[in-house]
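Each remark here refers to the structure printed beneath this line.
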Amino acid sequence: MSRLLILFPCSHMGNLLIALPHLRAMLAAHPESLLMVNQRYQTLVEQSLPGESRLLYYPEQSLSRQVPLFQRVHSYLKLVMTMRRFHSKVVVDIEGEQKSATLARLSGAAERIGPHRRHGQWFYTQQPQVDWSGHRWQAYASLSRPAAHSPAHYLPPNDSPAGQAELDSILSDGPANDNLVAIHAGATKTYKIWHAEQFAALCQQLRRAGLTPLLIGAGQKDRQQIARIQSFLSDPVMDLCDQLSLAGLVALLKRSRGFIGNDSGPMHLAAACGVATVALFGPTDDTLWQPLSPHARVLRWQHCLRNCERSSCALDSYPCLQRITVDRVIRTLDELGVMPDAHLGALKTLRIS
């Protein structure tokens with residue numbers, strides 16, 4: 002297979018982290034290849050694929066609705082022209098989003114491979130059957146040419162001197178580095194988010210155990226969730242929301258003893274960095290999205306009822322997620338070796354005044 006264009010402009014970090022082993026396998030197998038990924042994850046891709054230069058970045062920010070229409074059109078045409086100058090013979094699109102399907106059609110390649118989708122024949126010349134009921138890693142594998150070797154895994158991002166320096170600067174007057182526990186309390190969807198009061202109680206218990214919880218995140222939704230958490234605490238937790246670049250976040254995760262978070266991109270990044278990870282799942286299916294790490298555990302109070310939907314709980318309050326207790330999270334952290342032994346006996350459920 003010559004002149005291979007690999008499309009993965011997906012805007013979801015978790016999807017990218019799951020796909021990266023397959024993307025690397027295709028780059029390794031095809032010297033004349035080009036990989037398109039989302040520009041917002043440029044740093045992460047460069048840390049995961051060190052030395053790789055066969056990269057083309059999808060300019061998501063330049064194509065957002067906040068940008069004037071003329072500038073958006075100019076940015077998109079520039080991207081398409083750059084893509085077409087590569088003169089690909091084959092295009093592989095393993096995510097199958099509308100934007101990647103459209104780019105496949107505009108690529109000029111005679112052979113275009115992508116998943117079954119509505120009107121897929123307009124975009125692809127080949128649509129292999131894909132089993133989407135298993136983990137997304139396996140679905141991506143069935144479309145990759147070739148796929149990464151099993152078992153399913155991440156590509157751990159390399160250390161970045163710039164990220165380390167950024168983190169050192171932020172933590173220069175802060176906590177000791179050997180007791181950090183990162184917490185991402187937000188998510189893209191409300192139904193994925195554990196209650197703020199529960200996160201606050203978790204922070205209190207971690208402090209009582211001699212650990213230092215740090216709240217991470219980016220954007221308005223995460224800021225709002227962190228504000229709710231802080232409202233339950235008399236002594237606020239260190240808030241790093243919107244303060245870390247991706248390189249700085251990788252540095253923090255690699256320096257942390259543990260990570261707790263909802264089903265989100267930072268959860269997958271923590272697992273990819275090898276940190277002990279507790280992933281809080283609700284109505285989303287962990288069969289599809291569980292973290293691919295032996296150092297990660299998925300928690301859910303119960304499986305959803307058959308008539309439940311992600312955006313509409315049959316029991317009204319998402320007990321699958323919201324009834325996960327703080328004590329269960331602490332016990333899981335203990336099983337993963339995060340909790341200091343000297344403090345385990347003193348841990349009790351804390352009432353927040």
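If you use our numbering, the sequence shown corresponds to residues 2 to 354, in order.
From the three backbone atoms N, C-alpha and C, an ideal C-beta is built for every residue, glycine too.
The model shown is predicted, which means the values in this text are computed figures rather than measured ones.
Closest to Thr333 by CA distance: which of Asp342, Val81, Val299 and Val238 is it? The count along the sequence shown starts at 1 and reaches residue 333 at position 332. Among Asp342, Val81, Val299 and Val238, the Cα nearest to that of Thr333 belongs to Val299.
Please specify which runs of the beta strand (DSSP E), each continuous and at least 3 residues long, are wholly inside the region 79-148, giving them in chain order. 91-94 and 112-114
Measuring only the C-alpha atoms, how far is Leu8 from Val68? By one-based count along the sequence shown, residue 8 stands at place 7. By one-based count along the sequence shown, residue 68 stands at place 67. Rounded to the nearest angstrom, the two C-alpha atoms are 24 Å apart.
Give me the Cα-Cα distance between Ala228 and Val238, rounded to the nearest whole angstrom. The residue given as residue 228 occupies position 227 in the sequence shown. The residue given as residue 238 occupies position 237 in the sequence shown. About 10 Å.
Once you ignore the five residues that flank His13 on each side, which residues in its own chain have a CB closer than 7 Å to its CB? Indexing the sequence shown from 1 puts residue 13 at position 12. Same-chain partners within the cutoff: Gly266.
For Leu36 and Asp286, I'd like the C-alpha separation in whole angstroms. The sequence position of residue 36 within the sequence shown is 35, counting from 1. The sequence position of residue 286 within the sequence shown is 285, counting from 1. One C-alpha to the other measures close to 29 Å.
Just to confirm the assignment, what range does the beta strand (DSSP E) spanning Arg298 have? Here residue 298 is taken as the residue at index 297 of the sequence shown, counted from 1. Ala297 to Leu300 is the extent of the beta strand (DSSP E) around Arg298.
Give me whichever residues DSSP pairs with Pro152 in a beta bridge. Residue 152 sits at position 151 when you count from the first residue of the sequence shown. Beta-bridge analysis with DSSP links Pro152 to no other residue.
Report the rounded CA-to-CA distance for Gln291 versus His136, giving the unit in angstroms. One-based indexing of the sequence shown puts residue 291 at position 290. One-based indexing of the sequence shown puts residue 136 at position 135. Taking the straight line joining both Cα atoms gives about 8 Å.
Quick check: the Cα distance between Ile19 and Leu207, rounded to an integer number of angstroms? Within the sequence shown, residue 19 is the residue found at index 18, counting from 1. Within the sequence shown, residue 207 is the residue found at index 206, counting from 1. Spanning the two alpha carbons is a distance of roughly 30 Å.
Whole-angstrom distance between Arg224 and Leu50, CA atom to CA atom: On the sequence shown, residue 50 is found 49 positions in, with the first residue counted as 1. On the sequence shown, residue 224 is found 223 positions in, with the first residue counted as 1. Going from the Cα of Leu50 to the Cα of Arg224 covers about 31 Å.
Gly275 beta carbon less than 8 Å from that of Ser246: Locating residue 246 in the sequence shown gives position 245, counting from the first residue. Locating residue 275 in the sequence shown gives position 274, counting from the first residue. In this structure, Ser246 keeps its C-beta atom at 8 Å or more from the C-beta atom of Gly275.
Suppose you measure from the CA of Ala197 to the CA of Tyr42; what does that come to, to the nearest Å? The residue you call residue 197 lines up with position 196 of the sequence shown. The residue you call residue 42 lines up with position 41 of the sequence shown. Taking the straight line joining both Cα atoms gives about 28 Å.
Using only the alpha-carbon positions, how far apart do Phe71 and Tyr77 sit? As a first step, residue 71 must be located in the sequence shown, where it is residue number 70. As a first step, residue 77 must be located in the sequence shown, where it is residue number 76. Cα to Cα, the separation comes out at about 10 Å.
The alpha helix (DSSP H) spanning Ser49 covers which residue range? Indexing the sequence shown from 1 puts residue 49 at position 48. Residues Gln43 to Ser49.
Exposed or buried, which one is His88 when buried takes at least 16 other CB atoms within 10 Å? Along the sequence shown, read from residue 1 onward, the residue named residue 88 stands at position 87. By the neighbour-count rule (16 or more Cβ atoms within 10 Å), His88 is not buried but exposed.
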